[in-house]
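Residue numbers (UniProt numbering), protein chains in the order written: chain Z, 1 to 470; chain U, 1 to 225.
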Amino acid sequence: MTTTLTVKNLTFAYTDNQPPVLENINFKLALNTFNLLVGPSGCGKSTFFKLLAGLYPEYGGKITAGDILLNDVSVNNIVPFERAKYLAMLFQNPSRQFAMRTVEEQITFALENIQLDRSKIKQRVAWVLSELHLENFTKRELLTLSGGEQQRVALATILALDSQIILLDEPFANVDPVARKQLLHDLKKLQLKHHKTIFITDHDFSNYTGLVDNLYKIENKQLTKGSTKILDKIIFSKQTQQNFGSLHNLTWNNLSLSIHDKILLQPNTLYLPKGQVGLLSGANGVGKSTFFGALTHQTTYEGDIFYQQKLSTKYKRKAWAQIIGLVFQNSTDQFVRLTIAEELNLSKKHSLHPEYWTDSRINDAYQLLNLTNLSKQHIVYQLSGGQQRKLQVLSMLIMAQPVLLLDEPLASLDSTSLNNVLQLIIEVTQALQLSTLIISHQLVEVRPQIDYELEITDKTLHLRRTTNET
Amino acid sequence: MKLKPLNPAILFLIMLGIGLQTTFVKSVWLNCIVSLLSILYIIIFRRVKLKTIFIVILVTLPLAFGSWWSFMLFGTTDKWHIAWIYGTRVYAYLLIGSALTLTVSVKQLLFNLAGHLKLSETFVFGLLAAFNLLPRVRQQFKRIQYSAQMRGITYRPWQPGLYLRIIIIALNWSGDLAEAMTSQGFSEGYQRTALQTQRLPKWQWGLTILLLLLYTYCGFILKPW
């Protein structure tokens, strides 16, 4: 059985009166290959994948011209359970793709959808879990898994469905470098051993050397083929110069963290230096986000946190929120208003540094982030992942709390956007003497630009020692 | 011989049938019998600790007492009888409901309702996903509050803005989940592999009819005190 996926003269728009997102695209996916799709954030990569998967226009938008053919039949005319045997998709947000509670239940659910015989289901579940070395996860609850583990379970679900074509829409956005390598390795194995066709969108080019057969780009609403040479540049992740300042307002004393009786962080005493940008690194699931949760009083912790020598619990919740700003991992958690203009105006109105954030400065920042081509009346929830991220960071920078924690502010950004966002964060931090700490997995880009790096390893938080790493 | 629990779908029907009638039946005796039988069933087939059952009963005490007391205070005719009817009725409702919720998981119940009583599978998996997300909702609520406070706004429980945000986030979640489920082959209105349900022997149907008729007969014809 050979599967073909062909796109013919495709034009797609979200609404009738808006310009199209993709225009006149022609494309044929070569079978049994490993493909990568790149392009700046907001260019329509996710849209293109959802069209290929037959999710659009069912879940939004309109095909104004052309068609997508799966085995010469329009992909939208194929019932989902039939479609799943040929093509399935893995999504950006790991936790929102599971209907069931445990790993075993989730894969069983997918197999019931394609009407696999009950007697064969158990066998198939056991087989995929062993293929991806997830045997120990069989009975685990999905919500307790880390982002990387959840993506591997999602991949196991697709492997169980035996879909010929696997589409992955920024599958590594919330995944640490080690888990990322593991997943890429798994995918290559699926291509070579199980003859799957892999198609990924990604902003981060690392670890793709030697894996990719075809590279595609979306630029100006068009899909073009690019050279895989751009992946061959081997970049060494530079060492952070540890320049840990001594001025500080936020300190903690014997702070320790645990989750479900499992200790994440041993008692730790340190502070965040003023006027500096730090990086908080460590593998997925070590407790970086939980650490931010503790500092913002969102999750429980042991020990004491102080701001200007006053115990954090002595501050009212409202006052604390004006001291510690948090940029959430999920951009949509940040938004308080509906449109871009309202969002920015709200921050401007309540900014803690109105003297700095003049209209012209806000405009400059807005331009630097390349958001000017959007109408300011645009609904924030309809922006692309990358655009949401930039707006989210900007609105918190305008608020300018003395302590600013950013949880993956650079995920799903293309390299230009990434550098601009980082530049803006550094600029504001220095100008307003903020204490800024960033969680990021984009080590190559971030390390050379920041002042210090804190790392969580072996349940301890410490300034990263200088060991060379590629 | 090991006792086997009733099929969740049957248990659901019994709970519904007796619960509805309890609203109209005025009998302290019947309320007590329903409560006692329910407790017995819960203790035998429980999925929770005995302590939980005890707490449930204890927490309800003020409610039952309040109901009893208000009829004692404000009742006009036959106030002793009426007060006891309403006092015990609170427990009858609570315990017959608990006989279902404390012995059966949500998943078991929904699967059996789909398998034996033709509940739509779209509904079943939609609800299941919602239940599985519940632990997240609390965390999300905190996040919404903090995100607003950071921007100088405090949401009060009566402000529509708070609920608008919860609704938008819920819509986002459900949209993403629906797309993922579609991609995993879930097709509305099409056949799936039959769900794993518990057996439903014919005698359980007989038992249901018998119990409901018996209750109707006692409640509306015999009318014990």
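Even glycine gets a Cβ: it sits at the ideal position worked out from N, Cα and C.
- Along the region 130–142 of chain U, going in chain order, the ones with a CB nearer than 9 Å to a CB of chain Z are 131, 132, 133, 135, 136, 139, 140, 142.
- In terms of Cα proximity to residue 174/U, the closest of 97/Z, 178/Z, 369/Z is 97/Z.
- The bridge partners DSSP lists for residue 273/Z are 248/Z.
- For residue 112/Z, the neighbours in chain U by C-beta distance under 8 Å run, in chain order, 192, 193, 195.
- By the C-beta density criterion, residue 2/U is exposed, having fewer than 16 other C-beta atoms within 10 angstroms.
- DSSP, read as helix, strand or coil, puts residue 280/Z in strand.
- For the set 413/Z, 456/Z, 87/Z, 432/Z, the Cα lying nearest the Cα of residue 446/Z is the one of 413/Z.
- For residue 76/U, the closest Cβ of chain Z is not nearer than 8 Å.
- Residue 269/Z is classed as exposed because its beta carbon has fewer than 16 other beta carbons within 10 Å across all chains shown.
- For residue 280/Z, the number of other beta carbons within 10 angstroms of its own is at least 16, and it is reported as buried.
- In the structure shown, the three-state DSSP call for residue 230/Z is helix.
- Under the three-state reduction of DSSP output, residue 169/Z falls in the strand class.
- Within the same chain, 157, 160, 161 come within 7 Å of residue 110/Z by CB-CB distance, once the 5 residues on both sides are set aside.
- By the C-beta density criterion, residue 274/Z is buried, having at least 16 other C-beta atoms within 10 angstroms.
- In the structure shown, residue 209/Z falls within a coil segment according to DSSP collapsed to helix, strand and coil.
- Looking at the backbone, the Cα of residue 11/U and that of residue 44/U are separated by about 14 Å.
- For residue 41/U, the number of other beta carbons within 10 angstroms of its own is at least 16, and it is reported as buried.
- Straight-line spacing of the CA atoms in residue 126/U and residue 135/U works out to 16 Å.
- Interface residue (Cβ-Cβ distance to chain Z less than 8 Å): residue 163/U is not classified as such.
- Ranked by how close their Cα comes to the Cα of residue 139/U, the residues 297/Z, 190/Z, 74/Z have 297/Z in first place.
- In this structure, residue 381/Z and residue 332/Z form a Cβ contact; the two beta carbons are roughly 6 Å apart against a cut-off of 8 Å.
- The region 129–207 of chain Z contains, as complete alpha helix (DSSP H) runs of 4+ residues, the segments 147–161, 177–194 (chain order).
- Listed in chain order, the beta strand (DSSP E) elements of length 3 or more contained wholly in the region 371–439 of chain Z are 403–407, 435–439.
- The beta carbon of residue 328/Z falls within 8 Å of a beta carbon belonging to chain U, placing the residue at that interface.
- Per DSSP, residue 67/Z is one residue of the beta strand (DSSP E) stretching across 62–70.
- According to DSSP, residue 304/Z shares a beta bridge with 253/Z.
- Unbroken alpha helix (DSSP H) stretches of 4 residues or longer found wholly inside the region 281–360 of chain Z: 288–295, 317–321, 340–350, given in chain order.
- Excluding sequence positions up to five before and after residue 429/Z, its CB lies within less than 6 Å of the CB of 277, 436, all in the same chain and listed in chain order.
- In the same chain as residue 184/Z, and ignoring 5 residues on each side of it, the C-beta atoms closer than 7 Å to its own belong to 207, 211, in chain order.
- Judged by DSSP secondary structure, residue 209/U falls within the alpha helix (DSSP H) whose first and last residues are 202–217.
- Segment contact: the region 142–161 of chain U against the region 321–329 of chain Z, three or more CB-CB distances shorter than 8 Å; contact assigned.
- When the beta-carbon positions are compared, residue 22/Z and residue 6/Z stay at least 8 Å from each other.
- Not one beta carbon of chain Z lies nearer than 8 Å to the beta carbon of residue 15/U.
- The DSSP-derived three-state label of residue 27/U is coil.
- The beta-carbon of residue 157/Z is placed less than 8 Å from the nearest beta-carbon of chain U.
- In the structure shown, residue 72/U falls within a helical segment according to DSSP collapsed to helix, strand and coil.
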